[in-house]
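Beneath this line is the structure, given in structure tokens, with notes to follow.
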Amino acid sequence: MDDDATIVVDRGRQASRPSDLSIGSVVNRRFVIEGVLGRGGMGVVYRARDLRKEETGDRDPYVALKVLSDEFRRDPRMAVALQREARKAQTLAHPNIATVYDFDRDDHIVYLTMEELDGRPLDQLIREHPEGLPRAEALAIVRGLCLGLAYAHNKGIVHSDFKPGNVFQTASGQTRILDFGIARAAPAERMEASETTRFDAGVLGALTPSYASCEMFEGQAPHPADDVYALAIVTYQLLTGRHPFDGIPAPQARQQGLEPAPVRGLRRREWRAIRRGLSFDRAARTQHAAEFLRELEGSSRYRLVAAAAVLLGVLLAGYVGYVQFQESARAAPDVPFEQLPLDTREAVNRLLDEADTFRRYGDAGSALMLYREAYALHPRNRRIVDALEALLGDVTDRALSGGVRADLERLADNFAAVMETDDFLGNRPKLVKARQRVQEALAR
Numbered sequence: 034m035d036d037d038a039t040i041v042v043d044r045g046r047q048a049s050r051p052s053d054l055s056i057g058s059v060v061n062r063r064f065v066i067e068g069v070l071g072r073g074g075m076g077v078v079y080r081a082r083d084l085r086k087e088e089t090g091d092r093d094p095y096v097a098l099k100v101l102s103d104e105f106r107r108d109p110r111m112a113v114a115l116q117r118e119a120r121k122a123q124t125l126a127h128p129n130i131a132t133v134y135d136f137d138r139d140d141h142i143v144y145l146t147m148e149e150l151d152g153r154p155l156d157q158l159i160r161e162h163p164e165g166l167p168r169a170e171a172l173a174i175v176r177g178l179c180l181g182l183a184y185a186h187n188k189g190i191v192h193s194d195f196k197p198g199n200v201f202q203t204a205s206g207q208t209r210i211l212d213f214g215i216a217r218a219a220p221a222e223r224m225e226a227s228e229t230t231r232f233d234a235g236v237l238g239a240l241t242p243s244y245a246s247c248e249m250f251e252g253q254a255p256h257p258a259d260d261v262y263a264l265a266i267v268t269y270q271l272l273t274g275r276h277p278f279d280g281i282p283a284p285q286a287r288q289q290g291l292e293p294a295p296v297r298g299l300r301r302r303e304w305r306a307i308r309r310g311l312s313f314d315r316a317a318r319t320q321h322a323a324e325f326l327r328e329l330e331g332s333s334r335y336r337l338v339a340a341a342a343v344l345l346g347v348l349l350a351g352y353v354g355y356v357q358f359q360e361s362a363r364a365a366p367d368v369p370f371e372q373l374p375l376d377t378r379e380a381v382n383r384l385l386d387e388a389d390t391f392r393r394y395g396d397a398g399s400a401l402m403l404y405r406e407a408y409a410l411h412p413r414n415r416r417i418v419d420a421l422e423a424l425l426g427d428v429t430d431r432a433l434s435g436g437v438r439a440d441l442e443r444l445a446d447n448f449a450a451v452m453e454t455d456d457f458l459g460n461r462p463k464l465v466k467a468r469q470r471v472q473e474a475l476a477r
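Heads up, the sequence shown is in the numbering used here, so the first residue is 34 and it goes up one at a time.
Below you can see the structure in the form of structure tokens.
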């Protein structure tokens with residue numbers, strides 16, 4: 034469809050069933066269908082114009098509207114489960130995760146609205162390279178996938194249906210993961226080899242047989258290691274153009290004693306990381322996406338983010354309850370680092386190493402979150418303060434250079450959150466100066 038074509042909207046032309054949808058149809062008296070972006074086992078994704086955005090003068094009023102299959106309305110449990118998972122997905126603000134705006138229904142139409150992406154799905158890229166991508170290009174894509182999954186895992190969210198069809202490569206080359214948690218709200222058909230999400234209206238849960246772990250077939254509770262199994266398969270496919278087990282589901286591959294053929298041109302540690310990620314038994318498999326990246330890249334700076342995932346909720350609660358210091362707090366911590374309890378010291382070091390890793394790979398948001406968690410455990414720690422100042426200074430330079438007002442507004446919010454932690458951070462000269470630069474830019 035020509036993007037410049039004009040569609041005359043009749044707001045009375047409401048679609049009440051998925052089969053009624055066509056170009057010009059209006060969903061919930063708000064979203065005007067303008068074309069089909071894709072089809073899959075979970076439903077159809079349309080390009081839609083958001084009339085509410087248009088009325089408020091938004092320069093980009095378009096969204097991706099995912100209308101879900103009939104199974105989602107036939108089972109009364111589905112709407113509740115799907116809404117719960119969609120709400121979780123809305124908390125995932127990360128450069129490698131597609132933004133979910135809302136979940137809703139219009140009569141028999143159950144749908145999600147998401148950001149519209151310009152590019153192609155990863156399965157298309159893999160098909161275009163039947164011998165695999167160059168090693169450096171493939172591993173660069175994998176790095177983005179690991180960072181996105183690790184961010185979700187740290188929030189206690191498992192994708193549960195990770196596969197190339199749920200990854201999008203934008204026109205600028207960035208990878209964005211789609212459909213977080215939706216599979217957990219969908220019914221599943223469990224034993225057929227396929228790359229399509231399968232459903233069985235009698236059972237809550239979903240999987241794509243070619244990418245699902247043995248534990249998912251057994252109906253065990255979702256675990257980050259399930260995503261790692263699929264991530265290792267996708268990594269193998271990017272490097273070779275092939276599925277490591279020729280698309281055979283994990284239980285059958287395990288029963289047949291299948292072994293993935295080694296990938297030529299990889300370093301030993303890289304192959305070991307992929308091979309461990311492909312383990313059929315969860316206990317032997319890599320437990321977290323950040324751990325998979327650590328093993329793949331062999332950086333001594335990594336620590337097991339998986340362990341921190343359990344702690345993050347507790348640490349965040351501690352941060353929220355942290356009271357401001359009284360006037361002119363001293364530069365030195367109240368308790369020297371060496372005198373902190375061993376578990377606190379280990380937690381601080383772990384969080385700092387994780388934050389440094391995310392920062393090194395360009396994920397400033399995750400790095401800032403982890404530095405703040407570490408500061409809550411040991412206020413005025415020199416290493417943490419220096420890291421916060423350096424990170425916010427770098428982000429300020431980039432935001433001012435880019436000149437995008439939305440980026441500057443988000444950065445201003447981050448400065449407020451950090452500097453209102455206590456008087457010490459609130460009066461740090463470097464932070465005060467950087468924050469002032471942002472405020473002056475916003476005032477212009």
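Glycine included, C-beta positions come from ideal geometry on N, C-alpha and C.
Note that the structure is predicted; figures quoted are calculated from it, not measured.
Counting every other CB atom within 10 Å of its CB across the protein chains shown gives Thr-377 a total below 16, marking it as exposed. Under the DSSP assignment, Pro-154 falls in the beta strand (DSSP E) whose first and last residues are 152–154.
Considering only His-141, Glu-88, Glu-330, the residue with the shortest C-alpha distance to Arg-302 is Glu-330. Within the region 389–445, the complete alpha helix (DSSP H) segments at least 4 residues long are 397–410, 415–435, listed from N- to C-terminus. Scanning the region 155–190 for uninterrupted beta strand (DSSP E) segments of 3 residues or longer gives nothing; none is fully contained.
In the DSSP assignment, Arg-82 falls within the beta strand (DSSP E) that extends over 76–83. Taking a contact to require three or more Cβ pairs closer than 8 Å, the region 193–204 and the region 255–272 qualify as touching. Contact holds between the region 200–210 and the region 123–131, because three or more Cβ pairs, one in each stretch, are under 8 Å apart. Comparing alpha carbon positions, the residue from Asp-455, Thr-454, Asp-456, Leu-421 closest to Ala-467 is Leu-421. Annotated as proximal: Leu-272 and Ala-171, with beta-carbon spacing under 7 Å. Our two residues, Thr-429 and Thr-454, have alpha carbons roughly 19 Å apart in a direct line.
Across the structure, Asp-446 and Pro-374 are spaced so that their CA atoms are roughly 33 Å apart.
Inclusion of Pro-282 and Val-191 in the CB contact set at 7 Å is not warranted, their separation being larger than that value. Ser-58 is the residue among Asn-199, Arg-63, Ser-58 whose C-alpha sits nearest the C-alpha of Val-69. Bounds of the beta strand (DSSP E) holding Gln-202 are 200–203.
Between Leu-98 and Phe-64, the CB-CB gap stays under 7 Å.
In this structure, the straight-line span from the alpha carbon of Leu-158 to that of Arg-80 is close to 21 Å.
Under a 10 Å Cβ-count criterion, Val-296 is classified as buried, with 16 or more other Cβ atoms of the shown protein chains found around its own Cβ.
Within the model, the alpha-carbon separation for Glu-87 versus Gln-116 is close to 26 Å.
Rounded to whole angstroms, the gap between the alpha carbons of Pro-462 and Met-402 is 21 Å.
Here DSSP, grouped into helix, strand and coil, assigns Arg-62 to coil. When DSSP states are grouped into helix, strand and coil, Leu-98 belongs to the strand group. For Leu-272, the enclosing alpha helix (DSSP H) stretches over residues 257–273. Pro-242 and Ala-119 have their C-alpha atoms some 23 Å from each other. Residue burial annotation: Pro-369 is exposed, with fewer than 16 other C-beta atoms found within 10 angstroms of its C-beta.
Residue nearest to Ala-388 within the set Arg-153, Pro-366, Leu-180, His-162 is Leu-180 (criterion: CA-CA distance). Out of Tyr-95, Gly-435, Val-267, the CA that lies nearest to the CA of Arg-160 is found in Val-267.
Shown here for Gly-274: same chain residues with a beta carbon closer than 7 Å to its own, the five before and five after excluded, namely Ile-159, His-162, Pro-163, Glu-164, Gly-165 in chain order.
One thing to note: Phe-325 has its Cβ no nearer than 7 Å to the Cβ of Pro-284. Boundaries of the beta strand (DSSP E) around Leu-145: 142–148. Ala-258 is not a Cβ neighbour of Arg-308, given a cutoff of 7 Å. Contact between Val-60 and Asp-139 holds: their C-beta atoms lie close to 5 Å from each other, under 8 Å. When DSSP states are grouped into helix, strand and coil, Val-465 belongs to the helix group. Its chain contains Arg-168 as the residues whose beta carbon lies nearer than 6 Å to that of Gly-298, once the 5 sequence neighbours on both sides are disregarded; these appear in chain order. For Phe-457, the uninterrupted alpha helix (DSSP H) run begins and ends at 456–459, by DSSP.
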